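So the structure is just underneath, and the comments pick up after that.
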Amino acid sequence: MKLPSIYILSICLFTSLTRFIIETTAFNLTLPHQHPDPEAVAEDVKRRVNASLSRRHLMSIQEKDQCQTGNPIDDCWRCNSNWANNRQRLADCAIGFGQGSLGGRGGQIYVVTDSSDYDPANPKPGTLRYGVIQDQPLWIIFSSNMVIKLKHELIFNSYKTIDGRGANVHITGNGCITLQYVSHIIIHNIHVHHCKPSGNTNIAASPTHVGWRGRSDGDGISIFGAQKIWIDHCSLSYCTDGLIDAIMGSTGITISNNHFTHHDEVMLLGHDDKYALDTGMQVTIAFNHFGQGLVQRMPRCRRGYIHVVNNDFTAWEMYAIGGSANPTINSQGNRYTAPTDDNAKEVTKRVDTNEGDWAGWNWRSDGDIMVNGAFFVPSGAGLSTQYSKASSVEPKSAGLIQQLTLNAGVFGDPSWFSIICTEMTVGAFLLRDSAEVGLALQPTPASRGPGPAVVMAITSE
Numbered sequence: 001m002k003l004p005s006i007y008i009l010s011i012c013l014f015t016s017l018t019r020f021i022i023e024t025t026a027f028n029l030t031l032p033h034q035h036p037d038p039e040a041v042a043e044d045v046k047r048r049v050n051a052s053l054s055r056r057h058l059m060s061i062q063e064k065d066q067c068q069t070g071n072p073i074d075d076c077w078r079c080n081s082n083w084a085n086n087r088q089r090l091a092d093c094a095i096g097f098g099q100g101s102l103g104g105r106g107g108q109i110y111v112v113t114d115s116s117d118y119d120p121a122n123p124k125p126g127t128l129r130y131g132v133i134q135d136q137p138l139w140i141i142f143s144s145n146m147v148i149k150l151k152h153e154l155i156f157n158s159y160k161t162i163d164g165r166g167a168n169v170h171i172t173g174n175g176c177i178t179l180q181y182v183s184h185i186i187i188h189n190i191h192v193h194h195c196k197p198s199g200n201t202n203i204a205a206s207p208t209h210v211g212w213r214g215r216s217d218g219d220g221i222s223i224f225g226a227q228k229i230w231i232d233h234c235s236l237s238y239c240t241d242g243l244i245d246a247i248m249g250s251t252g253i254t255i256s257n258n259h260f261t262h263h264d265e266v267m268l269l270g271h272d273d274k275y276a277l278d279t280g281m282q283v284t285i286a287f288n289h290f291g292q293g294l295v296q297r298m299p300r301c302r303r304g305y306i307h308v309v310n311n312d313f314t315a316w317e318m319y320a321i322g323g324s325a326n327p328t329i330n331s332q333g334n335r336y337t338a339p340t341d342d343n344a345k346e347v348t349k350r351v352d353t354n355e356g357d358w359a360g361w362n363w364r365s366d367g368d369i370m371v372n373g374a375f376f377v378p379s380g381a382g383l384s385t386q387y388s389k390a391s392s393v394e395p396k397s398a399g400l401i402q403q404l405t406l407n408a409g410v411f412g413d414p415s416w417f418s419i420i421c422t423e424m425t426v427g428a429f430l431l432r433d434s435a436e437v438g439l440a441l442q443p444t445p446a447s448r449g450p451g452p453a454v455v456m457a458i459t460s461e
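The opening residue of the sequence shown carries number 1 in UniProt numbering; numbering runs sequentially from there.
In structure tokens, the structure reads:
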């Protein structure tokens, strides 16, 4: 039966209007944990950095408490020599949009004693997979150094912390880390590398749910419709797709103190130009070292509000920060070192967009240091008061970027040894770095007792 043309036209019109209504409605929705005043969050980050730097300067003058670095996250917990007996203190130390990420705070300590991953649908107690799928909050630590080669993607349940302090822990293999429709996750002091696509199999997502998973992209860390996520002091490299991708309405994210190396498309923030829910995405990128062998996407943004503050960009091959679909990018106190290629000096890239469209986007460089001919192309200046609050706090810390990012990545990362050898004249920093190598290699308190512990009933610290 042939349908009348007017009927076909009506169906097409209805479909188009429905999509428009959905996108318009989504644009006006507020995501869970989306902050109503992102500029205030940016202000708070700068206040914390400046306060921590001032505290370090004062302690230096008084020749005491040399542990202070000026990095407010590290200074929050590392100066306590008893940190291993108060691990959950770390949850108080996040800054930016991921502040308030609880992880497994208040829950039991779960000790990973088994590095195997033989059955993702029915994980064995003592494995990392068994811990991350549990329903209750857990603070997950490791009994010893280990390489966890995943058989398929590692799917998290909410309220989990992976705390690699005291051990040298590598996550690699198929799928790697997936944070899908979860909240309150902390991932700290972990190597994530050589992650490959996987899937088309059943994988446990909780103790009571095993579901069929399609093929994953091979991201190091995939954040999908998740909120209150904090990724800190990780070393990421050599993955098939992105090192960190956050999409599909994810928000309330802080990515801090990480070391990124040897990768093409480093970080994606935003699913698609037309996916309106990503307008509520809010991400803080702070104190990271974007190191050797990186090409682009540090990050690549769609929609949302992205605060890039006090990072060290060693080089790139194409560009550092890119975007489309009118994201707000607030770049403060970073050091951008351009490559030798004269055609790749620009920090920024508006992806597949003409200047008539992007001229009104709010992209700002405030107090950044440009090295080797690097330049940032701002836009939106004078068209909005979007940055009036954020820029009211002077980013004094840009000149101290080496100090603020010196310890980026996993504590005791082999790349630190070259830093230690080349910083012989720094004095106090050399002593601190040597101490951190010891911190990374010492066994965790849980590994010193008789026999392997799977769950220790420690409910508060």
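Glycine included, every Cβ here is placed at the ideal spot set by N, Cα and C. It should be emphasised that the depicted structure is a prediction, and the values quoted were computed from it without experimental measurement.
Quiz prompt | For G322, three-class secondary structure by DSSP | solution = It is a strand residue.
Quiz item: In angstroms, rounded to a whole number, what distance separates the CA positions of S324 and A84?
Solution: Cα to Cα, S324 sits roughly 43 Å from A84.
Exercise. Flag this pair as yes or no: are the beta carbons of G220 and C176 separated by less than 8 Å?
Key: Result yes, Cβ atoms of G220 and C176 sit closer than 8 Å.
Self-check item: Whole-number beta carbon distance between G107 and Q136, since they are thought to touch under 8 Å
Solution: In this structure Q136 touches G107 by the C-beta definition: roughly 6 Å separates them, less than 8 Å.
Quiz item: What are the boundary residues of the beta strand (DSSP E) that includes R302?
Solution: Counted as a single uninterrupted DSSP element, the beta strand (DSSP E) harbouring R302 occupies residues R300 to R302.
Quiz prompt | Straight-line gap, G199 to H152 (C-alpha atoms, nearest Å) | solution = When rounded, the distance between both Cα atoms is 6 Å.
Quiz prompt | As assigned by DSSP and simplified to three states, the class of V266 | solution = Looking at V266 - three-state DSSP - the assignment turns out to be coil, as it is neither helix nor strand.
Quiz prompt | Y181 classed as buried or exposed, judged by whether at least 16 other C-beta atoms fall within 10 angstroms | solution = Within a 10 Å sphere around the beta-carbon of Y181 sit fewer than 16 other beta-carbons, which makes this residue exposed.
Self-check item: Close-in-space but distant-in-sequence residues of the same chain around N132 (CB under 6 Å, 5 per side omitted)
Solution: The question names Asn, yet the displayed sequence has Val at residue 132. The residues are F156 and K160.
Quiz item: Between G98, M370 and G103, which lies nearest to residue 463 when the distance is taken from Cα to Cα?
Solution: Any property of residue 463 remains undetermined from this structure, which presents the chain solely from 1 to 461.
Quiz prompt | the region 230-250 in contact with the region 199-212 per 3-pair CB rule at 8 Å | solution = The region 230-250 is not in contact with the region 199-212.
Quiz item: For S52, which of helix, strand or coil comes out of DSSP?
Solution: Helix, per DSSP.
Self-check item: Whole-angstrom distance between D37 and H191, CA atom to CA atom
Solution: One C-alpha to the other measures close to 34 Å.
Quiz prompt | Bridge partner(s) assigned by DSSP for G173 | solution = In DSSP, G173 forms a bridge with L150 and C195.
Quiz item: How would you write the range of the alpha helix (DSSP H) that residue 485 sits in, first residue to last?
Solution: Given a span of 1 to 461 for the chain in the structure shown, any question on residue 485 remains unanswerable.
Exercise. With DSSP as the reference, please indicate the residues paired to V236 in a beta bridge.
Key: Contrary to the premise, residue 236 reads as Leu rather than Val in this sequence. Bridge partners of L236: V192 and F260.
Self-check item: C-alpha gap between Y319 and H262, whole angstroms
Solution: Cα to Cα, the separation comes out at about 15 Å.
Quiz item: Taking all protein chains shown into account, do 16 or more other C-beta atoms lie within 10 angstroms of the C-beta of L128, making it buried, or fewer, making it exposed?
Solution: That one is buried.
Exercise. Can you say whether R47 is buried or exposed, counting buried as having 16 or more other CB atoms within 10 angstroms of its CB?
Key: Per the 10 Å Cβ criterion, exposed.
Quiz item: Which class does F97 belong to by DSSP, given the choice of helix, strand or coil?
Solution: Correct three-state label for F97: helix.
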